[in-house]
Amino acid sequence: MTERGFNFLKHDNKWYYLGKILLTDKYRRTQHPDVFLACYGEFVTLPYESRASIKKFILSGSGDEDGDLSEEDFTTYREFITNVARRCGKADSIVERVCNPALGNTIVGTIAPMDLPVEELSQIIAEFDALEEFFLTSDPIKADLDVNSEGVKTLVIENMLELHLEDVIRRNFHQLFPDLEIVDKNQHYRTRDGTYIDIFCKHKQDDKYTVIELKRDKSPSSALIQLLDYMNQIMKEFNTDKVTGILVCKEMDRRTRSALCAIQSNMPKGSSISAIEFNLKMEYSCM
617 MTERGFNFLK HDNKWYYLGK ILLTDKYRRT QHPDVFLACY GEFVTLPYES RASIKKFILS
677 GSGDEDGDLS EEDFTTYREF ITNVARRCGK ADSIVERVCN PALGNTIVGT IAPMDLPVEE
737 LSQIIAEFDA LEEFFLTSDP IKADLDVNSE GVKTLVIENM LELHLEDVIR RNFHQLFPDL
797 EIVDKNQHYR TRDGTYIDIF CKHKQDDKYT VIELKRDKSP SSALIQLLDY MNQIMKEFNT
857 DKVTGILVCK EMDRRTRSAL CAIQSNMPKG SSISAIEFNL KMEYSCM
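Here the numbering used here is used: the first residue of the sequence shown is 617, the next is one more, and so on.
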């Protein structure tokens with residue numbers, strides 16, 4: 617069983633934990649996060665009957681729902697799209713293109729986010745809004761956050777923050793890695809071996825490929841091995857021995873540091889590997 621699966625089983629609110637995983641995955645992949653948040657912000661305010669009509673409309677478009685749509689279903693859906701567009705200031709066509717996959721199920725056999733309890737959805741979206749405000753403005757977060765024993769308000773949404781790591785890096789990529797440029801079109805690059813690279817990029821000056829591996833739910837040593845595997849795949853796929861690797865992890869233990877030093881000294885000429893440690897705990901003084 618994976619660590620994520622174990623955490624799901626032991627979590628007090630399984631709907632919340634599952635919803636956090638589902639929505640974070642979708643949010644991380646959307647090209648319009650403002651529309652995504654506006655979509656759910658509107659959806660959770662609707663009565664059950666309206667949510668059911670919207671669900672029926674979306675499922676009918678994917679062939680998962682039997683029966684004809686009623687005129688009321690069409691009307692409810694169109695009103696929903698119009699209201700979301702008003703929330704985010706985007707065209708209806710863009711809103712519809714974002715909302716349908718955001719609410720629907722993209723993987724057969726799993727639950728669709730729109731089937732999650734409204735209370736849990738509302739809580740998750742509020743946390744997304746808080747993160748958005750933190751990353752996109754300089755104002756204090758206007759949300760009800762926990763207060764620790766030292767009187768400091770702390771935004772600690774541990775699992776969500778780790779899942780947000782990629783989004784944070786992509787949003788601030790030019791500041792974090794000024795010599796690199798992303799070449800994976802903001803989606804995980806799929807290698808010939810069928811594995812997916814978290815962030816695939818190149819050096820601006822010499823076009824040297826760079827693989828960035830993000831450690832979320834596995835040990836740094838396992839992530840280091842995975843990074844080396846990805847680097848080797850890229851070397852073969854693009855017929856080059858000049859590939860750099862960057863491991864981004866929460867912290868490295870002594871054994872991982874020792875292994876990294878040994879690997880660095882034995883890398884082919886033109887290639888390199890390094891690690892960056894991060895801390896996603898965000899605090900501000902309670903006034």
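Here a beta-carbon is modelled for each residue, glycine too, at the ideal position from N, C-alpha and C.
Return the Cβ separation of residue i and residue j in integer angstroms, given the expectation that the two are a contact with Cβ distance under 8 Å.
| i | j | result |
| --- | --- | --- |
| residue 688 | residue 669 | 6 Å |
| residue 840 | residue 878 | At roughly 11 Å, the Cβ-Cβ gap does not stay under 8 Å, so residue 840 and residue 878 are not in contact. |
| residue 714 | residue 646 | 6 Å |
| residue 827 | residue 812 | Not a contact, Cβ separation roughly 11 Å. |
| residue 653 | residue 744 | 6 Å |
| residue 884 | residue 857 | 5 Å |
| residue 785 | residue 792 | 6 Å |
Could you check what DSSP says for residue i in three-state terms: helix, strand or coil?
| i | result |
| --- | --- |
| residue 871 | helix |
| residue 861 | strand |
| residue 890 | strand |
| residue 816 | strand |
| residue 662 | coil |
| residue 808 | coil |
| residue 640 | helix |
| residue 827 | strand |
| residue 732 | coil |
| residue 697 | helix |
| residue 840 | helix |
For residue i, which residues from the same chain have a beta carbon less than 8 Å from its beta carbon, with the 5 sequence-adjacent residues on both sides left out?
| i | result |
| --- | --- |
| residue 795 | 819, 820 and 821 |
| residue 807 | 813, 846, 849, 850 and 853 |
| residue 886 | 824, 857 and 858 |
Mind checking residue i: buried by the 16 CB within 10 Å criterion, or exposed?
| i | result |
| --- | --- |
| residue 815 | buried |
| residue 702 | exposed |
| residue 891 | buried |
| residue 658 | buried |
| residue 690 | exposed |
| residue 861 | buried |
| residue 867 | exposed |
Spatial neighbours of residue i within its chain, please: C-beta separation below 6 Å, excluding the five flanking residues on both sides.
| i | result |
| --- | --- |
| residue 717 | none |
Only counting the same chain, and skipping five residues up and downstream in sequence, which positions put a Cβ closer than 7 Å to that of residue i?
| i | result |
| --- | --- |
| residue 869 | 836 |
| residue 710 | 648 and 651 |
| residue 674 | 716, 719 and 720 |
| residue 865 | 831, 836, 839, 891 and 893 |
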